[in-house]
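Shown next, in structure tokens, is the structure this report addresses.
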Ligand code: SF4
Ligand code: SF4
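Chains as they are written, first to last, in the working numbering: chain B, 1 to 357; chain W, 1001 to 1092.
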């Protein structure tokens, strides 16, 4: 389960997958409600709790939330930008029962990293944060969202992650919805760059075996078949937004007409079993052709609903990344298009301020 | 020869937990983004990996407890721990 504790964040990454329409602080769930949600989730069988945002450290009750989650028996993972957590706070989070920290970095090049995150000095602060995580003894994963601007530096990024003391690095290509879709032209790497990246990862895995685990998420515009939608809509994952709406997936709010229930009115178990948004694309009965009669329908579940909607206009269509989709040409054309777009539209900033040169 | 030295003192890496699954039954090894269902043998082996016992002692203890062939246990436990080490879930 992913708990988006808040949408507040000091950074402004152009591939941010938060909705364009952010929840406000006064609408955020209070401590008590979150604690109840964690209990209900554990009772339903949830094992991992990913605490994210925005920046989860913007919540002053983060310590209490972690303590409550740990008490409920959940494995707690803090997904953070590393800003706003000093050593003392980290100590408190660790003693509250935090199990793991996931830190995102933007780039190895300091200026470039600061340009992308829209926050000067952010990269240096992240390094300091990683040091603190190691001193406290918490395991660390480094997270990098790959895009055209940093894809050539995967090797350096991995070396940096090892230096930062990470046990695992997650190299994931930008997902093109939310802010990523708005900035797709500036973020999407060329086909050659993606091929090169694939080779680099294979080599890196061998070279770094035993010192770091590399999880690489393929960019799906470049694949033949889509990625499975988080192992199937309403099968394994749920997402709670800052104000308590429960979504089958992070981006589900982009699909119009879905009725999302709120933890204020229903228990997690009821929402999981009975809410219309979870039932909407659960299993394979909702599918139409070509998915309906496809042998892969239980493997990839027709791909991403949000992407199907964004690119074909109907969330019940096959994800157009799929070569069998009649809309596949749209994706193929996007891949071939060699855009030279460089400016980003920053989350929460006006485009004019997007180039702090 | 075993994949794990006899005098190694294996333990679960920090951030990796062996936890009973109260909803589905059985045990899981929980790590960030990963869940491994642990079968009964794995659970018994991992419970002894406390960073105090040597691999040699773990093998002896299991062999005694299940009146099993220590060579066989050494092979199986060694393979399990080497695999979990490669995943950075166990430290030797
Ligand atoms: S047709 Fe549908 S089910 Fe078949 S591979 Fe394509 S997206 Fe997956
Ligand atoms: S619908 Fe798309 S965005 Fe949502 S979980 Fe599935 S794959 Fe991810």
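In this text, a Cβ means the ideal position worked out from N, Cα and C, and glycines have one as well.
Please compile the residues from chain W whose C-beta is within a distance smaller than 9 Å of the C-beta of residue i.
i                      : result
residue 138 of chain B : 1014, 1015
residue 145 of chain B : Within chain W, no residue comes near residue 145 of chain B; the closest Cβ sits about 16 Å away, beyond 9 Å.
residue 210 of chain B : 1085, 1086, 1088
Closer than 6 Å by C-beta to residue i: which residues in its own chain qualify, once you throw out the five before and the five after it? Chain order, please.
i                      : result
residue 227 of chain B : 220
residue 32 of chain B  : none
residue 352 of chain B : Note that residue 352 of chain B has pLDDT 36, beneath the 50 cutoff, so the model's placement of it is unreliable and the number below is only indicative. Counting only Cβ-Cβ distances below 6 Å, and skipping sequence neighbours, we find nothing.
residue 143 of chain B : 102, 104, 170
residue 59 of chain B  : 5, 6
residue 201 of chain B : 216
residue 264 of chain B : 244
residue 231 of chain B : none
residue 205 of chain B : 214
In chain W, which residues lie less than 8 Å from residue i when you measure between Cβ atoms?
i                      : result
residue 171 of chain B : Going along chain W, no residue has its Cβ under 8 Å from residue 171 of chain B, so there is no contact; the nearest lies around 13 Å.
residue 230 of chain B : Neighbours of residue 230 of chain B on chain W: none; closest Cβ ~12 Å, over 8 Å.
residue 73 of chain B  : 1019, 1022
residue 167 of chain B : 1013, 1015, 1088
residue 133 of chain B : None at all; the shortest Cβ gap to chain W is about 11 Å.
Leaving out five residues before and five after residue i in sequence, what residues of the same chain have Cβ atoms less than 7 Å from its Cβ?
i                       : result
residue 89 of chain B   : none
residue 1001 of chain W : Its pLDDT being 47, under 50, residue 1001 of chain W is placed unreliably in this model, and the value from its coordinates should be taken loosely. There are no such residues.
residue 172 of chain B  : 145, 146, 217
residue 136 of chain B  : 90, 91, 94
residue 357 of chain B  : The predicted model places residue 357 of chain B with a pLDDT of 30, which falls under 50 and marks its position as unreliable; any figure quoted below should be read in that light. Counting only Cβ-Cβ distances below 7 Å, and skipping sequence neighbours, we find nothing.
residue 261 of chain B  : 246, 271, 275
residue 291 of chain B  : 297, 302, 318
residue 155 of chain B  : 200, 204
Just the chain B side, please: which residues come within less than 9 Å of residue i by C-beta, in chain order?
i                       : result
residue 1039 of chain W : None at all; the shortest Cβ gap to chain B is about 17 Å.
Of the residues the options, which one's Cα is nearest the Cα of residue i?
i                       : options                        : result
residue 29 of chain B   : B:295, B:325, B:241, B:296     : B:241
residue 100 of chain B  : B:53, B:156, B:168, B:39       : B:168
residue 323 of chain B  : B:309, B:306, B:273, B:296     : B:296
residue 56 of chain B   : B:265, B:262, B:103, B:156     : B:103
residue 1081 of chain W : W:1071, W:1042, W:1064         : W:1042
residue 276 of chain B  : B:259, B:184, B:291, B:98      : B:259
residue 62 of chain B   : B:97, B:44, B:198              : B:97
residue 94 of chain B   : B:83, B:67, B:73               : B:67
residue 287 of chain B  : B:329, B:233, B:137, B:274     : B:233
residue 53 of chain B   : B:1, B:71, B:73                : B:1
residue 190 of chain B  : B:39, B:8, B:334, B:83         : B:334
residue 85 of chain B   : B:239, B:127, B:76             : B:127
residue 1006 of chain W : W:1066, W:1056, W:1065         : W:1056
residue 138 of chain B  : B:149, B:207, B:166, B:326     : B:166
residue 229 of chain B  : B:164, B:308, B:151            : B:308
residue 148 of chain B  : B:196, B:210, B:279            : B:196
residue 326 of chain B  : B:303, B:298, B:294, B:289     : B:289
residue 1019 of chain W : W:1008, W:1004, W:1039         : W:1039
residue 207 of chain B  : B:158, B:27, B:152             : B:158
residue 152 of chain B  : B:209, B:187, B:319            : B:187
residue 194 of chain B  : B:74, B:150, B:80, B:313       : B:150
residue 283 of chain B  : B:77, B:300, B:321             : B:300
residue 1008 of chain W : W:1074, W:1086, W:1075, W:1051 : W:1051
residue 329 of chain B  : B:65, B:280, B:222             : B:222
residue 1028 of chain W : B:34, B:74, B:79               : B:74
Listing by chain order, which chain B residues have their CB less than 8 Å from the CB of residue i?
i                       : result
residue 1024 of chain W : 45
residue 1035 of chain W : 47, 48
Along chain B, in chain order, which residues have C-beta atoms closer than 7 Å to that of residue i?
i                       : result
residue 1011 of chain W : Within 7 Å Cβ-Cβ: nothing; residue 1011 of chain W doesn't reach chain B, min ~13 Å.
residue 1092 of chain W : Simply none; closest approach about 11 Å.
Quick one: residues in its chain with C-beta nearer than 8 Å to the C-beta of residue i, no 5 flanking neighbours on either side, listed in chain order?
i                       : result
residue 306 of chain B  : 177, 249, 251, 252, 254, 255, 315
residue 1061 of chain W : 1048, 1053
residue 1068 of chain W : 1062
residue 1058 of chain W : 1010, 1045, 1048, 1049, 1077
residue 211 of chain B  : 162
residue 269 of chain B  : 40, 43, 44
residue 267 of chain B  : 40
residue 1025 of chain W : none
Who are the neighbours of residue i on chain W, taking C-beta pairs under 7 Å?
i                      : result
residue 125 of chain B : Going along chain W, no residue has its Cβ under 7 Å from residue 125 of chain B, so there is no contact; the nearest lies around 22 Å.
residue 100 of chain B : 1015, 1032
residue 217 of chain B : None at all; the shortest Cβ gap to chain W is about 11 Å.
residue 141 of chain B : 1032
residue 213 of chain B : 1087, 1088
residue 77 of chain B  : 1032
Along chain D, in chain order, which residues have C-beta atoms closer than 9 Å to that of residue i?
i                      : result
residue 317 of chain B : No chain D is present in this structure, whose protein chains are B and W.
Residues proximal to ligand 1 by C-beta, any heavy atom closer than 6 Å:
B:225, B:226, B:290, B:291, B:294, B:296, B:297, B:300, B:302, B:303, B:318, B:319, B:322, B:324
For the segment 77 to 97 of chain B and the segment 122 to 135 of chain B, state whether three or more C-beta atom pairs, one from each stretch, are separated by less than 8 Å.
yes
Validate contact between the segment 47 to 56 of chain B and the segment 1027 to 1035 of chain W using beta carbons, cut 8 Å, 3 pairs:
yes
So, does the segment 1085 to 1092 of chain W touch the segment 1006 to 1022 of chain W, judging by three or more C-beta pairs under 8 Å?
yes
Looking at C-beta atoms only, is the number of pairs between the segment 33 to 45 of chain B and the segment 69 to 85 of chain B that lie closer than 8 Å three or more?
yes
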